[in-house]
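K.L.:
Chains as they are written, first to last, in my numbering: chain A, 1 to 433; chain B, 434 to 866.
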């Protein structure tokens with residue numbers, strides 16, 4: 001058996017410790033599959049004396065992960081610190097410059113700095129791998145890059161943030177309101193004390209930008225992602241959606257449109273009996289639609305020590321076995337700069353919830369506002385009276401251009417009977433059998 | 434760019450033509466990802482003059498695929514002929530012996546002759562790859578072998594045969610009987626003129642044996658698979674199952690039990706709102722349960738030219754890029770001979786349908802038969818009268834050892850009120866959120 005692959009790990013949180021556990025518990029299996037052992041030689045973390053669920057005393061300790069990246073006796077540096085700049089970026093650059101492979105779980109880093117890092121990896125002839133950055137429990141990077149590598153994709157979409165999916169699933173199941181469920185999720189450790197990164201869609205947007213680059217051969221372009229989080233979805237939306245045959249999910253969607261690429265993260269209504277509808281709790285799921293493969297769907301845990309460590313080890317095994325891939329599937333020079341398609345160009349159906357005064361003629365006025373904008377309605381239903389005596393009017397449209405839809409809602413907002421700004425959720429058709 | 438990877442294709446049915454189409458239409462993408470083009474140099478099929486959806490006139494033609502395997506100017510032979518012996522086996526052996534890689538879509542070959550072929554591939558230092566052999570639309574071989582390669586699995590299970598799933602889904606949706614739906618499936622081309630390979634579970638068993646070897650590091654062992662097809666599921670079973678909160682699926686299941694490995698293919702009742710329940714039509718789906726990754730689920734088309742060709746090309750891309758894997762993830766000498774666990778050792782719940790004379794005391798007699806065998810019932814319900822005046826009694830048991838269950842059914846069969854042999858379907862708990 002050949003020389004071991006030597007690995008240094010920067011960051012000893014749950015994922016770092018999980019990685020040590022996988023490599024320790026399954027050392028024989030990993031070595032048999034790779035043709036050589038994978039051996040941890042060095043670690044770095046903020047606090048050396050913190051109690052951990054793995055014995056790290058036999059590894060060389062570095063207080064400074066950037067120094068470790070340069071100086072450790074290691075073939076690979078595993079970056080588990082996080083953040084798109086600062087230490088994570090510095091150590092990744094230093095490691096590549098020093099001729100070491102890098103494995104990272106850092107979606108922010110890859111989405112925001114990945115294009116440049118890919119070039120640095122190429123210059124050094126080393127691997128920059130990041131399976132753990134997108135849905136750790138789903139080997140989706142490998143699937144898009146290799147398993148489905150002979151396909152041209154029409155779109156890739158999915159439930160990319162476990163915290164949002166947990167909150168939406170719980171709101172749906174319990175009828176409780178957003179703030180209430182968020183607080184519980186924080187108490188249970190499913191949401192951060194500062195939850196905005198998750199619930200405002202930024203985390204999903206990072207992952208979407210990475211998937212988009214891999215699927216469409218484009219330069220990773222996080223700046224162009226349209227992002228809308230889940231703060232404006234209310235308990236009543238789940239009830240109305242259910243009655244209409246839908247469920248509410250936060251999706252990231254990327255695809256080709258008008259010669260450009262769209263990257264949109266926003267809440268969606270999806271068919272209650274179709275794809276992704278049953279993906280609940282903290283699970284992630286991704287659908288890739290390829291010209292030859294058709295619809296290929298993946299579901300697994302999006303985060304957590306075990307799934308993320310499993311993905312980190314998969315990357316390490318590829319490196320140990322000498323299986324090489326370009327960072328974004330093709331050499332950087334072959335990645336194209338695609339035009340970004342704004343969400344105003346979206347064509348699809350919309351769910352609209354209006355809160356209006358309970359007075360005669362409102363239906364007719366709403367109807368004419370939509371007609372004036374040439375928007376055809378599938379249904380318009382008056383729903384519950386609010387405690388304040390106002391009523392909800394729920395509308396489902398046929399397919400319409402988003403900008404046209406926004407014009408109609410802007411007009412509606414001016415209507416005297418309107419108690420608050422109209423609220424809408426896009427309806428996505430995910431296909432089916 | 435390096436020298437092209439030269440490929441010869443044996444078998445020009447829909448998958449062979451699909452493979453040519455992928456490699457032609459996506460030639461640039463494939464080359465960019467692999468660092469070299471993939472070039473078809475030779476083909477072989479039974480009828481040279483048959484009209485095909487791809488122009489094969491520029492490739493060297495071989496009447497004999499075995500001769501092509503030895504003599505073609507090719508680095509890889511793609512075997513798309515089928516069958517576990519005969520020409521497919523001969524050409525695979527010849528190709529490996531001649532120092533060529535082999536890519537095959539042949540599940541029968543890999544399940545029945547794979548262990549020996551893996552040794553021959555090792556002797557020649559070449560790749561024997563077969564992503565297309567199991568659920569072409571799902572890169573599950575790559576996932577088990579690489580993406581989830583750091584996990585130890587508790588079980589792997591799935592809907593592995595599209596024909597059966599189409600028939601069961603259609604029976605469920607329409608209330609029609611098996612023979613009737615099978616005939617339609619044959620007319621539509623979803624089932625073969627001789628359908629036994631699919632509907633008796635042999636095809637699913639081939640795939641299960643391959644998945645089992647990859648997941649558990651065992652020598653592929655098709656002979657030990659317990660196989661039960663879908664011929665005995667009647668229209669009423671879907672109705673009763675639905676009322677009980679279940680759906681009916683043909684599953685292949687493999688896992689560790691009592692220090693051995695089970696490999697079972699049989700119809701199952703599964704939770705109507707849980708995993709796999711919504712997988713309808715000709716789709717396949719597979720769940721892998723790993724110790725670190727947790728539950729990871731895959732869904733896609735099981736067959737058809739496009740998905741299968743997509744999988745063939747993925748294997749070719751790995752070879753072109755120099756990404757190597759052992760045939761069954763580890764060297765043959767590291768594969769273990771696991772004890773096969775018989776289905777009599779299964780512990781689980783059962784759905785039992787009895788057809789009995791409509792007479793007093795039958796419930797009590799059934800109840801005591803189960804009690805005598807220490808089987809606890811969750812429910813016992815009298816259902817519809819048949820046209821012949823007999824009644825259906827439907828029982829759901831709590832978990833029980835299969836051999837105990839079979840003893841009880843054997844006793845019940847002797848009961849004077851029993852109009853026909855008891856029918857049972859195993860109830861599988863696939864977990865959930």
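Where a beta carbon is used, it is the ideal one built from N, C-alpha and C, also for glycine. Since we're looking at a predicted model, the values are computed, not measured.
Less than 8 Å between the C-beta atoms of residue 824 of chain B and residue 799 of chain B, yes or no?
P.N.:
Within the second chain, numbered from 1, the residue matching residue 824 of chain B stands at position 391. Within the second chain, numbered from 1, the residue matching residue 799 of chain B stands at position 366. Contact flag unset, no.
K.L.:
In this structure, does DSSP put residue 537 of chain B in helix, strand or coil?
P.N.:
On the second chain, position 104 is the one that residue 537 of chain B refers to. Of the three classes helix, strand and coil, the one that applies to residue 537 of chain B here is strand, per DSSP.
K.L.:
Give the secondary structure of residue 611 of chain B by DSSP, where H, G and I count as helix, E and B as strand, and everything else as coil.
P.N.:
Within the second chain, numbered from 1, the residue matching residue 611 of chain B stands at position 178. Residue state, collapsed to three classes: helix.
K.L.:
Can a CB atom of chain A be found closer than 8 Å to the CB of residue 534 of chain B?
P.N.:
Taking the second chain and counting its residues from 1, one reaches residue 534 of chain B at position 101. So, not an interface residue.
K.L.:
Using CA atoms only, rank isn't needed, just tell me which of B/495, B/528, B/852 is closest to residue 509 of chain B.
P.N.:
Position 76 of the second chain, counting from 1, holds the residue named residue 509 of chain B. Taking only the C-alpha atoms, the option nearest residue 509 of chain B is B/528.
K.L.:
Does chain B have any CB closer than 8 Å to the CB of residue 151 of chain A?
P.N.:
Here residue 151 of chain A refers to the residue found at position 151 when the first chain is read from its first residue. Yes, residue 151 of chain A lies at the interface with chain B (some Cβ there is under 8 Å from its Cβ).
K.L.:
Does DSSP put residue 699 of chain B in a helix, a strand or coil?
P.N.:
Taking the second chain and counting its residues from 1, the one referred to as residue 699 of chain B is at position 266. In this structure, residue 699 of chain B counts as strand in the three-state DSSP scheme.
K.L.:
Taking only beta carbons into account, state which residues of the region 554-580 of chain B come closer than 9 Å to chain D, listed in chain order.
P.N.:
Among the protein chains of the structure shown, namely A and B, there is no chain D.
K.L.:
Write down the C-beta distance between residue 646 of chain B and residue 761 of chain B rounded to the nearest angstrom, noting that I regard them as a contact closer than 8 Å.
P.N.:
Against the second chain, residue 646 of chain B aligns to sequence position 213. Against the second chain, residue 761 of chain B aligns to sequence position 328. Contact flag correct, Cβ pair sits at about 5 Å.
K.L.:
Under three-state DSSP, which class holds residue 18 of chain A?
P.N.:
If you number the first chain from 1, residue 18 of chain A lands on position 18. If DSSP states are grouped into helix, strand and coil, residue 18 of chain A belongs with the helices.
K.L.:
Compute the Euclidean distance between the alpha carbons of residue 125 of chain A and residue 466 of chain B, then round it to the nearest angstrom.
P.N.:
The sequence position of residue 125 of chain A within the first chain is 125, counting from 1. The sequence position of residue 466 of chain B within the second chain is 33, counting from 1. Taking the straight line joining both Cα atoms gives about 15 Å.
K.L.:
Could you compute how far the alpha carbon of residue 540 of chain B sits from the alpha carbon of residue 637 of chain B?
P.N.:
Taking the second chain and counting its residues from 1, one reaches residue 540 of chain B at position 107. Taking the second chain and counting its residues from 1, one reaches residue 637 of chain B at position 204. Cα to Cα, the separation comes out at about 9 Å.
K.L.:
Is residue 770 of chain B helix, strand or coil when you go by DSSP?
P.N.:
One-based indexing of the second chain puts residue 770 of chain B at position 337. Three-state result, residue 770 of chain B: coil.
K.L.:
With 8 Å set as the bound, which would you pick, yes or no: does the beta-carbon of residue 334 of chain A sit closer than that to a beta-carbon of chain B?
P.N.:
Position 334 of the first chain, counted from the start, is the residue given in the question as residue 334 of chain A. With 8 Å as the cut-off, residue 334 of chain A counts as an interface residue toward chain B.
K.L.:
CB-CB under 6 Å to residue 215 of chain A, same chain, minus the five flanking residues each way: which ones, in chain order?
P.N.:
In the first chain, counting from the first residue as 1, residue 215 of chain A sits at position 215. 144, 153, 156.
K.L.:
Hey, residue 658 of chain B and residue 548 of chain B: beta-carbon distance below 8 Å or not?
P.N.:
For the purposes of this step, residue 658 of chain B is taken as the residue at position 225 of the second chain. For the purposes of this step, residue 548 of chain B is taken as the residue at position 115 of the second chain. Taking 8 Å as the Cβ cut-off, residue 658 of chain B and residue 548 of chain B do not qualify as a contacting pair.
K.L.:
How about the region 131-146 of chain A and the region 301-321 of chain A: do they share at least three Cβ pairs that are nearer than 8 Å?
P.N.:
Contact holds: three or more Cβ-Cβ distances are below 8 Å.
K.L.:
Do the CB positions of residue 129 of chain A and residue 100 of chain A come within less than 8 Å of each other?
P.N.:
For this step, residue 129 of chain A is matched to residue 129 along the first chain. For this step, residue 100 of chain A is matched to residue 100 along the first chain. Contact: no.
K.L.:
Mind checking the region 410-432 of chain A against chain B and listing, in chain order, the residues whose C-beta falls within less than 7 Å of any C-beta there?
P.N.:
Within the region 410-432 of chain A, no residue has a Cβ that lies closer than 7 Å to any Cβ of chain B.
K.L.:
When the Cα of residue 410 of chain A is compared with those of A/13, A/372, A/86, A/431, which residue comes out closest?
P.N.:
Residue numbering aside, residue 410 of chain A sits at position 410 when the first chain is read from its first letter. Measuring from the Cα of residue 410 of chain A, the nearest candidate turns out to be A/372.
K.L.:
List the residues of chain B whose Cβ lies closer than 7 Å to the Cβ of residue 22 of chain A, in chain order.
P.N.:
Sequence index remark: in the first chain, residue 22 of chain A carries index 22 (1-based). Correct list: 583, 725.
K.L.:
Pick from A/288, A/199, A/179, A/222: whose alpha carbon is nearest that of residue 234 of chain A?
P.N.:
Locating residue 234 of chain A in the first chain gives position 234, where the first residue counts as 1. Nearest C-alpha to residue 234 of chain A: A/179.
K.L.:
How close, in whole Å, do the beta carbons of residue 12 of chain A and residue 49 of chain A come, if the pair is a contact with beta carbons under 8 Å?
P.N.:
Numbered from its first residue, the first chain carries residue 12 of chain A at position 12. Numbered from its first residue, the first chain carries residue 49 of chain A at position 49. In fact, because the Cβ distance is near 12 Å, the residues do not count as touching under 8 Å.
K.L.:
Does DSSP put residue 704 of chain B in a helix, in a strand, or in coil?
P.N.:
Working through the second chain from its first residue, we reach residue 704 of chain B at position 271. If DSSP states are grouped into helix, strand and coil, residue 704 of chain B belongs with the strands.
K.L.:
My guess is that residue 314 of chain A and residue 579 of chain B are in contact by the Cβ rule of under 8 Å, so how many angstroms apart are they, rounded?
P.N.:
What you label residue 314 of chain A is simply residue 314 of the first chain in a count that begins at 1. What you label residue 579 of chain B is simply residue 146 of the second chain in a count that begins at 1. Sure, about 6 Å apart at Cβ, within 8 Å.
K.L.:
Alpha carbons only, please: which of A/374, A/23, A/230 is nearest the one belonging to residue 56 of chain A?
P.N.:
Start at 1 with the first residue of the first chain, and residue 56 of chain A comes out as number 56. The candidate whose alpha carbon is nearest that of residue 56 of chain A is A/23.
K.L.:
Tell me the DSSP secondary structure of residue 298 of chain A in three-state form.
P.N.:
Taking the first residue of the first chain as 1, we reach residue 298 of chain A at position 298. Residue 298 of chain A falls in the strand class under three-state DSSP.
K.L.:
I'd like the list of long-range same chain contacts for residue 165 of chain A, defined as Cβ closer than 6 Å, with 5 residues on each side in sequence excluded.
P.N.:
To locate residue 165 of chain A, count along the first chain from 1; it is residue 165. The answer, listed in chain order, is 159.
K.L.:
Rank B/738, B/633, B/725, B/808 by C-alpha distance to the C-alpha of residue 697 of chain B and give the top, closest one.
P.N.:
Counting from 1 along the second chain, the entry for residue 697 of chain B is found at position 264. Comparing Cα positions, the closest option is B/633.
K.L.:
Which residues bound the alpha helix (DSSP H) around residue 641 of chain B?
P.N.:
Mapped onto the second chain, residue 641 of chain B falls at position 208. Per DSSP, residue 641 of chain B belongs to the alpha helix (DSSP H) from 635-649.
K.L.:
Which residue comes first and which comes last in the beta strand (DSSP E) that contains residue 247 of chain A?
P.N.:
By 1-based counting over the first chain, the position of residue 247 of chain A is 247. Element bounds for residue 247 of chain A: 246-257.
K.L.:
Using Cβ-Cβ distances below 7 Å, what residues of the region 300-318 of chain A are close to chain B?
P.N.:
Within the region 300-318 of chain A, the qualifying residues are 300, 301, 306, 307, 309, 310, 313, 314, 317, 318.
K.L.:
Go to residue 837 of chain B, then tell me how far its alpha helix (DSSP H) extends in each direction, as first and last residue.
P.N.:
Here residue 837 of chain B corresponds to residue number 404 of the second chain, with the count starting at 1. Taken as a continuous stretch (DSSP letters only), the alpha helix (DSSP H) holding residue 837 of chain B covers 835-846.
K.L.:
So which of B/665, B/643, B/650 has the shortest CA-CA distance to residue 656 of chain B?
P.N.:
Counting from 1 along the second chain, the entry for residue 656 of chain B is found at position 223. When only C-alpha atoms are compared, the closest one is B/643.
K.L.:
Taking C-alpha atoms, which residue in A/285, A/297, A/304, A/239 lies nearest to residue 726 of chain B?
P.N.:
Working through the second chain from its first residue, we reach residue 726 of chain B at position 293. Here the closest residue by C-alpha is A/304.
K.L.:
Go ahead and pull the three-state DSSP assignment for residue 943 of chain B.
P.N.:
Outside the modelled stretch of chain B, which goes from 434 to 866, sits residue 943 of chain B, for which no answer is possible.
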